[in-house]
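Colleague: Questions regarding the structure given below will be posed in turn.
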Amino acid sequence: MKKYFRLLKTNKRFRIYTLLGILSWVILVTLSILFIQRDISHLVDNETEKLLHHYQIEFEKNDHQLFLIETYFNENSVGMDQDEFLTLVENIGGNDEIKYIILDHSSEAQFVYPAEEFSTLIQINTMEISNPYQRNELINSILDRSMLYQYEIVDERVITIFIRKPLYINDEFYGFITIAIDPYYLSNEDVVFTSEYINSALFTSEGEIINGSGVISDYETQKLELDGTTINVGGSIDYAFTVILSLQYFTFTLITTFVMIVSILYIFKDEDKIYTLTTDLDYRQNFDSETELFNIERLYADVKELIRQEEHFFLAFVNIVNLKHINEKFGHFMTTELLRKTTGLIKRVLRNNSEMYRYGGDEYVITIKSDTQSEITNMMRRITNIFENDISSGNIRARLGISIGIASYPGQGKTVEELIKNAHLSSMQISRYDKDVFKYYEADKIRNASSNEDFDKMVAGLNLELFEVFLMPIIDVQTNIISGFECLTRAFDDFGNTLPTEEVVLSLERNGRIQILDEIVFNKMLQIMRRINKEYPEEDYFLSINASALSINDEYIKNVTAAYKQARLTKGQIVLELTESHQVEDDEYLITLFNKLNDQGIKVAIDDFGTGYSSLSYISKFPVYAIKIDKSYVKDYTTNTFNQTLLMTLKSIAEVLKCKLVAEGVDSVETLEYLKGFDGLFYQGYLFSKGVPLEDAFALIKNNLSKNEE
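First residue of the sequence shown: 166, per this note's numbering; consecutive thereafter.
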């Protein structure tokens, strides 16, 4: 078979014949599929129409029974007892698989069929339905004297269908006549609709299944209107029939395809003797076998040719992030398939003036022949847009990240080595906190980054145990009572000198020591909670801490949960905050970790909400203890109507998620007065207190409790 693939690469006539053969085959397959779909669709429509008519008759039988019961009660209501009701239902065609019940004014059962069900069904109280929508339906049914269909749903499946009709005796409402139908009744051999071509099912208008199996999207449906209630009657083609019909069409296609292949191979059976394996060798010298992109040797050759021709071009150094985690989880083969899918998506947005190369590992290079930076920016944005959503390949669905550094010829490099180095250095300046994941080469920033090495060396030698934890109060807006504290890290050197905490944290992240600090601070927070519980045993405060996104991994979760168990706190909540602006490469992995925390008793909060890209579907997947609104949305409320609307929206979201809502950066009385218009809100800011040491926090608690008692 390899020789025919070589023919495809080297023989134009063979390629033309092969292309014509493939085109003919595609036409045959397409026509077969169209004919199969036409026949199946026509058959499903006809059978579903019969199905609809069948169940319409079945439900009309029940409607008729309600009418007969209502008529009899209006004529013979005086003196009727349970035995007469049993006789009445049996005379109008009662079935033991269907339950009948009549409730009087007080919602107590007066008559029940079958009689052995009386002790169970007498407990039913129609007027105690908790669903407000169903209560309104009952009220409207009483006023309109109309039929009413309702369902009892468990695990998204209808377990009972209730057909109700208000009973009036001498124009006075007496109660409801109710027929309770088990959906399995509609499947018994006396009632079920049978067809040798389709499978059938019934669904509510909202898509919950009444009868049959599967979900509504698996069926062709028609609507059965029952006194204002819609039931979807669905039919789907039987698999065996589909196979038989498909085989009839595809047999001819396969025979024709076989004849075409044999003909082409016969014509060219001797052509292969002319060619050698040199074409295969040429392919290996220029292409990467895993991604089928040009390889590094071809990259150097092409860039050198562009330089020789003095073409103005840009070189982008691309690093795809998170593939290592995917490889560990799914293996090399499936990761390679995902990689091919990803690089294919990137190539799809490139233009004719661009080419993509495999540089090595998870690193790639793109060359773009262009004079304008705006064109490059537009192309980079199209590439980065690919990574804003999950990428799927086979059974893998993963969120990958990307960073891109860009250098231009001739201004930012005269040789291929210099261009790649400068583009690579630019990509290394991209932090996981940056919203833009591509950067152009800037010599000054590269030099500044190099100057950070001395600072990093100093930070690497710090004793992290010397770092202190300060407490910033979190207060109830309405009562001005302290509810908890956020734990803030303060950095000190060995001589007690204060260091710029934010820069120290960034340095620790660059050098891989941030998790050590986060675990130290977490343990100090547990000690503080024990002190607070001891000093104020009657109070119940919570403490929160913001951990770096680089620390959120299995090892960190294991260590902090073990420390939390060992602390044996008697009360108080421990909350771990994740800053929303952090780029999280694997949402599902993060959600799994947070659920582990919650299972052990450690709560989760979203910090700086509004600065990132969180969606409600993402947030709702794990139990959120608190949402903290970024201070930029709190301070501008007087001039920014969007911020006002956002506060109201977040209040509603917090109520749905049953979590706290904390406004950050409240530094003025005017801002606090505005926030008092929102019930259940909490705040923190310099108006009440900045972050203070533990002893000062005790003083704040004491003063706060005293004012409360007054």
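Where is the CB? At the ideal position from N, CA and C, for every residue including glycine.
#1: Going by CA-CA distance only, name the one from N305, V209 and I396 that's closest to F224.
#2: Alpha carbon to alpha carbon, how far is T444 from T500?
#3: Grouping DSSP H, G and I as helix and E and B as strand, with all else coil, what is N873?
#4: DSSP on V323, reduced to helix/strand/coil?
#5: Please look up how many angstroms separate the CB atoms of Y384 and G399, rounded, as I've assumed it's under 8 Å.
#6: Three-state secondary structure (DSSP) at Q387?
#7: Hey, out of G525, G526 and E520, whose CA is closest to S535's CA?
#8: When we look at the beta-carbon of L764 and count the other beta-carbons within 10 Å, is it buried (16 or more) or exposed?
#9: Checking the sheet assignment: what are the DSSP bridge partners for S365?
#10: With a threshold of 8 Å, are at least 3 pairs of Cβ atoms found where one atom belongs to the region 548-568 and the other to the region 498-513?
#11: With a cut-off of 8 Å on the beta carbons, I'd call N676 and A625 a contact; round off their distance for me.
#12: Use the C-beta contact count for I192: other C-beta atoms within 10 angstroms, 16 or more gives buried, fewer gives exposed.
#13: Report the CB separation of Y729 from D683 in whole angstroms; it is logged as a contact under 8 Å.
#14: Leaving out five residues on either side along the sequence, give the residues of the same chain with a beta carbon under 6 Å from the beta carbon of Y606.
#15: Identify, in the order they occur along the chain, each residue of the same chain with its Cβ nearer than 7 Å to the Cβ of Y778, setting aside the five sequence neighbours on each side.
#16: At the level of alpha carbons, what is the spacing between L184 and Y529?
#17: Is G842 near the ligand GDP, going by C-beta to nearest heavy atom under 8 Å?
#18: Are at least three pairs of beta-carbons, each pair with one atom in the region 635-642 and one in the region 843-861, less than 8 Å apart?
#19: Tell me the DSSP secondary structure of A770 in three-state form.
#20: Indicate the three-state DSSP secondary structure (helix, strand or coil) for Q643 in the structure shown.
#21: Put I567 into one of helix, strand or coil per three-state DSSP.
#22: Taking 6 Å as the limit between beta carbons, can you name the residues of its chain near E118, skipping five residues before and five after?
#23: Give the straight-line distance between the Cα atoms of I198 and L208, rounded to the nearest whole angstrom.
#24: Please report the straight-line C-alpha distance between V821 and E321, rounded to a whole angstrom.
#25: Determine the direct distance from the alpha carbon of F415 to that of A345, and round the result to whole angstroms.
#26: Please report the Cβ distance between D832 and Y851, rounded to the nearest whole angstrom; I am assuming they are in contact, meaning their Cβ atoms lie under 8 Å.
#27: With 16 as the cutoff for other CB atoms within 10 Å, does R329 come out buried or exposed?
#28: Exposed or buried, what is T456 when buried is set at 16 or more other beta-carbons lying within 10 Å of its beta-carbon?
#29: Using only CA atoms, which one of I266, G766, D453 and R300 lies nearest to T523?
#30: Who are the Cβ neighbours of N492 in its own chain at under 6 Å, not counting the five residues just before and after it?
#31: When you compare only the Cα positions, how much space is there between Q738 and I767?
#32: Using the Cα positions of I585 and F482, report the straight-line distance between them to the nearest angstrom.
#33: What first and last residue would you give for the alpha helix (DSSP H) that runs through K506?
#34: Mind checking Y706: buried by the 16 CB within 10 Å criterion, or exposed?
#35: Please name the residue, chosen from G340, I334, I374 and F341, that lies closest to V319 on a Cα-to-Cα basis.
#36: Could you tell me if Q202 is buried or exposed, where buried requires 16 or more neighbouring beta carbons within 10 angstroms of its beta carbon?
Modeller: Working from what's here:
#1: Answer by Cα proximity: I396.
#2: Caution applies to T444, whose pLDDT of 48 falls short of 50 and renders its modelled position unreliable; the value that the coordinates give is listed next. C-alpha separation (whole angstroms): 29 Å.
#3: In the three-state reduction of the DSSP assignment, N873 falls in the helix class, which pools H, G and I.
#4: Strand at V323.
#5: Contact flag correct, Cβ pair sits at about 3 Å.
#6: Three-state result, Q387: strand.
#7: In terms of CA proximity to S535, E520 leads the group G525, G526 and E520.
#8: Here residue 764 turns out to be Asp, not Leu, going by the sequence shown. So D764 ends up on the exposed side.
#9: Per DSSP, G400.
#10: Counting C-beta pairs with one atom in each stretch, the region 548-568 and the region 498-513 have three or more that are closer than 8 Å, which means they touch.
#11: Taking a contact as a CB-CB distance under 8 Å, the pair N676 and A625 counts as one, their CB atoms being some 6 Å apart.
#12: That one is exposed.
#13: Incorrect: roughly 14 Å between the Cβ atoms, too far for contact.
#14: Answer for Y606: A572, Q577, N587 and S591, listed in chain order.
#15: Summary for Y778: the model assigns pLDDT 46, below 50, so the residue's position carries little reliability, and this model does not support an answer.
#16: Straight-line Cα distance between these residues: approximately 32 Å.
#17: With respect to small molecules bound, the structure shown includes none, and the ligand GDP cannot be examined in it.
#18: Judged by Cβ distances under 8 Å, the region 635-642 makes contact with the region 843-861, as three or more pairs qualify.
#19: Correct three-state label for A770: strand.
#20: In the three-state scheme derived from DSSP, where H, G and I count as helix and E and B as strand, Q643 is classed as coil.
#21: Three-state result, I567: strand.
#22: One cannot answer for residue 118 here, as it falls past the ends of the chain, which runs 166 to 875.
#23: So the alpha carbons of these two residues sit roughly 15 Å apart.
#24: Between the alpha carbons of V821 and E321 lies a distance of about 21 Å.
#25: Using only the alpha carbons, I get a separation of about 49 Å.
#26: At roughly 5 Å, the Cβ-Cβ gap stays under 8 Å, so D832 and Y851 are in contact.
#27: Classification for R329: buried.
#28: By the neighbour-count rule (16 or more Cβ atoms within 10 Å), T456 is buried.
#29: For the record, residue 523 in the displayed sequence is Arg; it is not Thr. The candidate whose alpha carbon is nearest that of R523 is D453.
#30: For N492, where only same-chain residues beyond five positions count, the Cβ hits under 6 Å are T500.
#31: In a straight line, the C-alpha of Q738 is about 7 Å away from that of I767.
#32: Between the alpha carbons of I585 and F482 lies a distance of about 7 Å.
#33: H497 to V514 is the extent of the alpha helix (DSSP H) around K506.
#34: In the assembly as shown, Y706 is a buried residue. Its beta-carbon has 16 or more other beta-carbons within 10 Å.
#35: Nearest to V319 by alpha-carbon distance, out of G340, I334, I374 and F341, is I374.
#36: So Q202 counts as exposed.
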